[in-house]
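Below: the structure, in structure tokens.
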Amino acid sequence: MAETISLTELVSAGSDLSEEVIKAVEALREGRLIIAAIEHAYVFIADAFNHGAVKKMHILRGDALGVAAQVIVGDVKTATGITNEFGPTTQSICEKFWPGLLTLSIAPAQGLVWDLGDARSLDEIAIRVPASDFLQRVALVAGPLAMASANRAGMPPKRRGPLFPALDADYAYFFDAGELAEGPTSTVISVKSDGITLKRVGAISLAELRSVTPNIAVPA
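Every number in the numbering used here is 9 more than the matching position in the sequence shown, counting from 1.
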């Protein structure tokens with residue numbers, strides 16, 4: 010049966026959440042899902058390399074075939090290890106804006122034995138380091154994580170519980186961080202061998218990006 014753990018109460022009581030990180034990692038390694046807070050929404054989290062767990066996440070959401078989960082990692086080093094085209098400019102951008110609301114659309118490294126929902130048919134993944142200290146710590150131990158909003162596909166993101174019409178058996182833990190503030194989406198950039206292109210402006214502006222890389226391309 011799923012367990013709700015109030016991270017807000019634990020932090021208020023002085024906990025460093027080490028036990029909760031261990032619980033999350035153990036559940037993910039067992040192929041189970043967890044629900045946790047990212048910046049402005051609650052999300053499903055699965056081990057990115059566990060095909061069954063990622064598939065369950067897509068089924069719960071009612072995703073169409075071919076929809077790929079996003080990937081979150083604990084640091085820039087991990088991102089460089091599972092992607093291609095991660096050059097010095099991309100490194101500088103990520104060191105400036107990670108952790109936070111910057112998503113890279115970038116080619117995955119060859120040979121990764123995962124299926125994010127697209128049967129490995131897409132030539133790009135969406136990846137970032139979240140601002141959540143809790144999820145950063147989980148990802149540093151568990152490795153790359155697959156992520157999708159904890160709501161039915163096409164519905165607005167959930168900022169508070171009750172979260173999802175799912176059975177308790179469908180996930181191991183709900184890590185409750187209280188009601189989340191509304192906020193912007195992530196800014197998305199496409200990273201390819203021939204340059205970096207802005208795909209969506211969100212929390213990080215074009216001017217902020219150009220403070221690091223003046224040559225970022227903007228579609229007409």
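All residues carry an ideal CB built from backbone N, CA and C; glycine is no exception.
DSSP places A88 in the uninterrupted alpha helix (DSSP H) bounded by V85 to G90.
Taking a C-beta distance under 7 Å as the contact criterion, T206 and S195 do not qualify as a contact pair. Under the three-pair Cβ rule at 8 Å, the region 125 to 137 does not count as touching the region 18 to 31.
When DSSP states are grouped into helix, strand and coil, I213 belongs to the coil group.
Closest in alpha carbon position to L42, among C103, S101 and A11, is A11. 7 Å or more divides the Cβ of Y51 from the Cβ of A148.
Taking A78 as reference, the option from G126, A88 and D84 with the minimal CA-CA separation is G126. Straight through space, the alpha carbons of E35 and V76 are spaced by roughly 26 Å. In the displayed model, M164 falls within coil according to three-state DSSP, outside both helix and strand. In the same chain as R137, and ignoring 5 residues on each side of it, the C-beta atoms closer than 7 Å to its own belong to I81, W107, L111, T112, L113 and S195, in chain order. The Cβ neighbour count for K65, taken over all protein chains shown within 10 Å, is at least 16; the residue is labelled buried.
Taken through DSSP and simplified to helix, strand or coil, Q145 comes out as helix.
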